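Numbering (mature numbering (1 follows the signal peptide of the UniProt record, and there is no 0)), first residue to last: -18 to -1, 1 to 224. Glycine included, every Cβ here is placed at the ideal spot set by N, Cα and C. Fair warning: this is a prediction, and the values are worked out from it, not measured in the lab.
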Amino acid sequence: MLSTLLFRFATTFLMVDTLMELPSSTISQIRKIRVRGYSFPLFTEIKRPGARVWDDESSTIYQMAHTLSLFPGLQLDKLIVEDVYHDKGQYRGFFGDVQTYDEIGSLVHQNGWKELWYLTPTTEFIETGHYSSHRVEQPAGWDKDIKEMDGVDAGAECKVYVGQYYEEDEGKEEEECDEGTQDGEDYESEDVQDEDEQSKVALCEEKEEGEGEKDGNDEQDDDGQDGDEEEGDDSVGEGGEG
């Protein structure tokens, strides 16, 4: 039964809080999770150097990707992470670009998923000119990393997609377990992916309405999901078993 549900979480905290209450035997049955990828603060009473001090507690901030290691029994067929660093105009610029770039890199190196989609309204953070010399051209860099992890013959890959948001009753396609989140914009890929293929990561870029025709080929995924508005977007995908 759990394998047919899509668990949706409004924050990383809600995801961790929910999964922490479940036995490992239950967690291993979950196949689809969608989460807004906020960073996760871990609070302690020990004030360590460099830790952020709030009242009488200290916290260490972790990326959403690192919370996956808390659940070694996780065996997701699909993990969908929403970019919160470019959410509706917030955090745009260098800070948001760096956070998104690093988040994707961390997710690629985590275990627990077969197919990873990263949904974002922009791909500006991929441009190497905005970063220091240690950054490599993407998505070629992520593709190289994932092939090194899984092996060249495993079929792992990274792809860039162009897609669009659309409105559709997600409940018609699959049952959904909604944890503290509202209906949002969902990504539709027009290149139908085989469920049995090696995992893929999708990184979507949403273009402003009226900006012009989309570059590249439109992609469409059989896993239809709800959307609040319809507008063009670019997308990048990576794949490989985590």
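To the nearest angstrom, how far is it from the Cα of residue i to the Cα of residue j?
i	j	result
F(-6)	F22	6 Å
P121	V80	15 Å
I9	M46	18 Å
D69	S40	27 Å
D132	D125	11 Å
L24	H48	12 Å
D135	G78	35 Å
T(-8)	V90	20 Å
Y20	M(-4)	11 Å
L(-14)	L58	11 Å
E201	I43	Note that E201 scores 45 on pLDDT, short of 50, meaning its location in the model is unreliable; the coordinates nonetheless yield the value given after this. Taking the straight line joining both Cα atoms gives about 35 Å.
D127	G87	9 Å
K141	E130	16 Å
G123	T105	15 Å
Y143	S6	34 Å
R18	G137	28 Å
Around the Cβ of residue i, are there at least 16 other Cβ atoms within 10 angstroms (buried) or fewer (exposed)?
i	result
E139	buried
D65	buried
I62	buried
E85	buried
Tell me which residues share the same chain as residue i and place their Cβ nearer than 6 Å to its Cβ, disregarding the 5 neighbours each side in the sequence.
i	result
K60	K14, E97
L4	none
M(-18)	none
If you drop the 5 nearest sequence neighbours on each side, which residues of the same chain put their C-beta closer than 7 Å to that of residue i?
i	result
S(-16)	Q11, R13
T82	D65, Y67, H68, T102, F107
Excluding sequence positions up to five away, which residues of its chain have a Cβ less than 8 Å from the Cβ of residue i?
i	result
M2	L52
Worksheet item: Can you find at least 3 beta carbon pairs, one from the region 44 to 57 and one from the region 97 to 105, that sit closer than 8 Å?
Response: No: fewer than three Cβ pairs fall under 8 Å.
Worksheet item: Which runs of the beta strand (DSSP E) spanning at least 3 residues fall entirely within the region 35 to 115, listed in chain order?
Response: 39 to 44, 58 to 64, 95 to 101
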